[in-house]
Amino acid sequence: MRPSVTPPGLKTWPTCAETMTLFRDIEYAWRTLVANKGFTAVAVICLALGIGVNTTAFSITDGVLIQPLPYQDSGRLVVLNQSNARTGVRFGGISYLDLQDWRQQTSAFSAIGAFQGRGFTITDDGEPERLIGGAVGWELFPMLGVQPILGRGFTKEDDRPGAAPVMLLSHAVWQRRYAGDLTITGRSIHLDGQPYTVIGVMPPRFEFPSVNRVWIPLVPLVYNTPRSSHSAVAFARLKPGVSLERSRDDLTTVSRRLEEQYTENRGWTPLVRPMRDYFIPEDIELVILTMMGAVTLVLFLACANVANLLLARAAARQKEIALRAALGAGRGRIIRQLLTESVILALISTPIGVAIAYYLTGRIFAALPPDNVPSFIGWSVDVRTLVYAIVVALATGIIFGLVPALHAVRTDLQDVLKEGAGGAGGSASRNRIRNALVVIEVALSLVLLVGAMLFVRTFMNLESAGGGFDTRPLMTMRFYLAADTYQSADARMRRVGDILRRVEGLAGVEAAFASNLIPLSGGGDSGPVVIDGRPSTEDERPAIRFVGVTEHLARTLNVPIVEGRPLSESEARTRSGVALISEMMARRFWPDGNRLGQRFRLERKGEAGQWLTVVGVLGDFRHDPLPGDDPLPAAYVPYPYNAPLNTGLTIRVRGEPARVTSAVIHEIRQSDPNVPVGPIRTMEDLRRLGFWPFRIFGWLFAILGGVTLFLGVIGVYGVLSYSIAQRTQEIGLRVALGATRGDVLRLILGQGLRLAGTGIALGLAGAFGATQVVGTVLYRVTPTDPITFGVIVLVLVGVAMAASYLPARQAMAVEPNVALRVD
50 MRPSVTPPGL KTWPTCAETM TLFRDIEYAW RTLVANKGFT AVAVICLALG
100 IGVNTTAFSI TDGVLIQPLP YQDSGRLVVL NQSNARTGVR FGGISYLDLQ
150 DWRQQTSAFS AIGAFQGRGF TITDDGEPER LIGGAVGWEL FPMLGVQPIL
200 GRGFTKEDDR PGAAPVMLLS HAVWQRRYAG DLTITGRSIH LDGQPYTVIG
250 VMPPRFEFPS VNRVWIPLVP LVYNTPRSSH SAVAFARLKP GVSLERSRDD
300 LTTVSRRLEE QYTENRGWTP LVRPMRDYFI PEDIELVILT MMGAVTLVLF
350 LACANVANLL LARAAARQKE IALRAALGAG RGRIIRQLLT ESVILALIST
400 PIGVAIAYYL TGRIFAALPP DNVPSFIGWS VDVRTLVYAI VVALATGIIF
450 GLVPALHAVR TDLQDVLKEG AGGAGGSASR NRIRNALVVI EVALSLVLLV
500 GAMLFVRTFM NLESAGGGFD TRPLMTMRFY LAADTYQSAD ARMRRVGDIL
550 RRVEGLAGVE AAFASNLIPL SGGGDSGPVV IDGRPSTEDE RPAIRFVGVT
600 EHLARTLNVP IVEGRPLSES EARTRSGVAL ISEMMARRFW PDGNRLGQRF
650 RLERKGEAGQ WLTVVGVLGD FRHDPLPGDD PLPAAYVPYP YNAPLNTGLT
700 IRVRGEPARV TSAVIHEIRQ SDPNVPVGPI RTMEDLRRLG FWPFRIFGWL
750 FAILGGVTLF LGVIGVYGVL SYSIAQRTQE IGLRVALGAT RGDVLRLILG
800 QGLRLAGTGI ALGLAGAFGA TQVVGTVLYR VTPTDPITFG VIVLVLVGVA
850 MAASYLPARQ AMAVEPNVAL RVD
């Protein structure tokens with residue numbers, strides 16, 4: 050019978066004997082782990098924590114940074130902005146005229162679609178409702194590869210001057226407000242008082258670009274706007290074979306050409322970014338990537354702990370391994386058996402780790418504010434996450450099991466079989482490896498804990514950061530004055546005045562002011578300012594923020610008038626030539642202290658404004674959700690100068706702010722029943738909402754810090770405990786020769802502190818370098834903050850002493866006559 054020949058390179062299925070051997074290895078490994086319940090429990094806990102936090106971080110990273118955007122060939126989609134170094138605009142919009150020129154003169158894009166965000170008031174048979182929406186070019190949604198599920202999308206005929214007004218609804222609004230009415234298309238609905246015909250309903254969860262829920266064509270809204278009106282954002286699709294860099298060069302060339310033709314374009318630089326960058330700010334991306342790196346280090350810590358435990362077990366099993374080798378088991382066979390045990394440990398830990406991840410991801414996702422996060426961003430423990438967890442478990446099982454397995458088979462067979470049962474200490478090389486692993490654990494722990502503490506302190510600083518006023522007694526809301534009814538600033542002022550009179554007359558209301566600004570929520574406009582008596586060219590004029598406000602701004606916020614006086618009611622409700630300025634503006638433009646009576650004027654859209662006289666200096670307070678490193682100076686001008694249709698109302702209340710909500714809405718309805726109100730929030734909620742990503746990541750890093758400390762304690766304790774077990778005879782001999790319990794305590798504590806000290810020294814060097822990467826996302830704490838580093842060093846020294854104390858007590862309890870007895 051001819052022997053079978055397997056062609057080279059052709060894989061064969063495992064033979065029956067190999068399969069049986071594998072099953073025997075698994076059975077033996079299982080019985081061994083069950084027989085050593087303490088070891089197995091500690092190893093599983095360490096690995097489950099490492100796998101759990103790693104899987105949680107991957108789920109978040111995958112949902113935010115890895116998963117493709119839900120648009121056709123989303124990797125080719127980019128966002129087009131402009132920046133202006135002079136005015137401090139980083140990601141500004143583009144004008145309709147620039148957009149037309151870009152379409153005609155660039156060759157890098159197959160399509161360009163524009164978007165301009167705006168709010169809409171829907172009025173029909175139900176309550177008036179204010180919705181976030183936008184005006185879009187007819188090319189945009191087809192470029193994204195998204196079509197309505199009901200009706201049709203915009204066409205070129207819809208998106209032209211003079212076209213019949215049409216609109217698209219989001220699936221959520223269609224379901225909630227119109228109960229999924231299949232006959233919605235063709236229905237006329239009023240937006241801001243103008244009738245629009247519904248032509249389609251977009252797919253579920255499509256709320257482009259973020260939480261927008263109604264859309265109208267763009268061109269009828271913007272075709273008459275000047276080139277200086279940078280109000281739109283453009284999205285484009287790169288042509289096949291065109292790189293991001295080439296598209297940037299192409300657009301820069303066109304922009305320079307336009308800058309030579311039009312003075313309005315001077316100073317504006319085009320920006321081309323991947324579309325994902327539009328949705329995910331750079332600081333959030335950096336924090337997520339830092340978190341992913343941190344949890345990887347946590348997994349290394351868990352692996353180092355289990356590797357140390359396996360090294361200790363391998364030393365205790367020297368005779369067993371030597372006997373198996375004497376009976377004919379090869380090194381490969383023994384390594385496979387030991388790796389089988391480590392992989393089973395990892396696989397046992399996986400369900401527990403996944404359960405931890407399931408709990409954490411659910412809690413984190415539930416904490417997301419629904420009105421601030423794009424609908425397509427989310428995470429959960431899905432199939433991709435489970436596959437990741439299993440792969441991580443298998444990889445860690447091999448990684449942490451390989452070094453102990455390799456050292457186990459290097460045992461000298463004759464020496465082990467000759468060795469007495471009470472032999473002292475394992476091999477020097479094995480001890481060196483265990484000590485090195487502990488040093489690495491302490492070093493990684495320090496890096497992780499420093500990073501975690503910096504992020505937690507950033508979160509705490511943001512949590513405690515004031516806006517320059519007490520947020521607790523304040524209630525905020527917005528109401529919208531439809532353009533067809535309130536075309537003039539005087540008409541808007543009359544309605545706002547009536548609403549303020551009604552609101553301030555309510556029981557429990559101390560004061561209120563109206564403005565397009567709601568502190569800590571943003572608002573106001575910005576532009577260049579001309580200071581009287583200081584000649585300057587257009588390029589030299591600094592930018593300020595200017596806000597139209599009614600009277601009682603300072604009284605409502607309880608912000609001090611540092612100099613001068615507040616605006617009177619007659620001044621604030623008419624186009625009087627007076628203004629309040631912020632302390633920052635006062636310091637920047639009149640540092641000599643002579644501010645009252647000074648004059649300045651605003652330049653809006655290239656037009657010189659009226660000269661305004663400074664009558665008071667108001668204490669600085671924060672306008673935007675997050676504290677800025679260099680906010681613009683601010684001028685508070687009479688309301689008619691900047692009378693918005695979308696008006697913010699800030700109310701100071703005695704007691705709980707939310708208790709006046711119903712009464713305020715009632716008074717607004719009494720003033721004009723067609724005015725929609727919302728969103729309604731307390732100022733304290735606005736403050737917290739502003740830094741919600743940092744709150745989530747702050748808690749995550751706090752959890753990572755706790756896991757890191759736990760793993761560090763286990764690592765130091767495990768090595769010292771095993772070391773004492775191996776040095777029983779040595780310690781007994783020391784005691785027999787006169788060593789006191791204090792001497793033994795100092796011996797063991799010294800060993801633990803030496804290991805910890807070496808790890809701390811290495812960790813400090815690593816932490817000083819690693820924290821520089823995240824310096825841009827820290828707030829009121831530096832990457833090398835001495836308090837953070839000092840506290841973490843003290844904590845690790847304390848942890849090392851605590852972890853060393855129990856083994857030291859074990860060593861002090863050694864009786865010389867028992868330790869020196871040879872069986």
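The sequence shown begins at 50 in my numbering and counts up by one. Don't be surprised by glycine CBs; every beta carbon is placed ideally from N, CA and C.
If you check the CB distance, Leu681 and Val627 do not come in under 8 Å. Between Leu193 and Phe257, the alpha-carbon positions lie close to 10 Å from each other. Rounded to whole angstroms, the gap between the alpha carbons of Asn261 and Ile75 is 55 Å.
Membership of Thr172 in the beta strand (DSSP E) is indicated by the continuous run Phe158 to Thr172. Annotation for Ala857: Leu794, Ile797 and Leu798 place their beta carbon closer than 6 Å to its own, counting only its chain and skipping 5 residues before and after. In the three-state reduction of the DSSP assignment, Gly665 falls in the strand class.
Ranked by Cα distance from Asp574, the options Val596, Ala561, Thr586 and Gly557 are led by Val596. Here the region 149-169 makes contact with the region 291-304; the two share three or more CB pairs at distances below 8 Å. When secondary structure is reduced to three states using DSSP, Arg139 falls in the strand class. The alpha carbon of Val578 has as its nearest neighbour, out of Ala92, Val842 and Gly658, the alpha carbon of Gly658. Judged by DSSP secondary structure, Thr318 falls within the beta strand (DSSP E) whose first and last residues are Trp317 to Pro323.
A residue is called buried when at least 16 other Cβ atoms come within 10 angstroms of its Cβ; Asp207 meets this threshold and is buried.
By the Cβ criterion, the region 723-742 is not in contact with the region 439-459, since fewer than three pairs of Cβ atoms, one from each stretch, lie closer than 8 Å. Looking at the backbone, the Cα of His239 and that of Asn723 are separated by about 11 Å.
Using a Cβ distance threshold of 8 Å, Leu307 and Ser296 do not count as a contacting pair. Contact check for Val558 against Val422 fails: the beta carbons are separated by 8 Å or more.
For Val250, the closest alpha carbon among the candidates Ala283, Arg201 and Leu270 is that of Arg201.
Boundaries of the beta strand (DSSP E) harbouring Glu178: Glu178 to Val185, taken from the DSSP string. In chain order, Leu346, Gly812, Gly815, Ala816 and Ala819 place their CB closer than 8 Å to the CB of Val496, counting only its own chain and leaving out the 5 sequence neighbours on each side. Of Met633, Pro693, Glu705 and Pro640, the smallest CA-CA separation from Ala684 is found for Met633. Contact between Ala406 and Gly101 is confirmed by a C-beta separation of about 5 Å, below the 8 Å threshold. Beyond the five residues adjoining it in sequence on each side, Gly546 comes within less than 8 Å, by CB distance, of Thr599 and Arg622 in the same chain, given in chain order. The beta carbon of Arg829 sits closer than 6 Å to those of Asn510, all from its chain and outside the five residues before and after it, given in chain order.
Contact annotation, Leu827 with Leu503: C-beta distance approximately 6 Å; criterion of less than 8 Å satisfied. Counting C-beta pairs closer than 8 Å gives three or more between the region 72-89 and the region 383-391, which meets the contact rule. Of the candidates Asp230, Tyr327, Phe169 and Tyr272, Tyr272 places its Cα closest to the Cα of Ala212.
If you look at Arg527, you'll find it in the beta strand (DSSP E) that goes Leu523 to Tyr529. Following the DSSP letters along the chain, one finds Glu612 in no alpha helix (DSSP H) but inside the beta strand (DSSP E) bounded by residues Ile610 to Gly613. Inclusion of Leu667 and Phe528 in the CB contact set at 8 Å is not warranted, their separation being larger than that value. Per the C-alpha coordinates, the member of Asn130, Phe670 and Ala860 positioned closest to Ala285 is Asn130. Contact between Leu396 and Ala442 holds: CB atoms are separated by about 6 Å, below the 8 Å threshold. Ile763 is the residue among Ala810, Ala492, Ile763 and Gly554 whose C-alpha sits nearest the C-alpha of Gly87. Residue burial annotation: Asn357 is buried, with at least 16 other C-beta atoms found within 10 angstroms of its C-beta. When secondary structure is reduced to three states using DSSP, Gln196 falls in the coil class, being assigned neither helix nor strand.
Counting along the chain, Trp223 sits inside the alpha helix (DSSP H) bounded by residues His220 to Tyr227.
Annotation for Trp187: Phe203, Thr204, Lys205, Asp207, Asp208 and Pro266 place their beta carbon closer than 7 Å to its own, counting only its chain and skipping 5 residues before and after.
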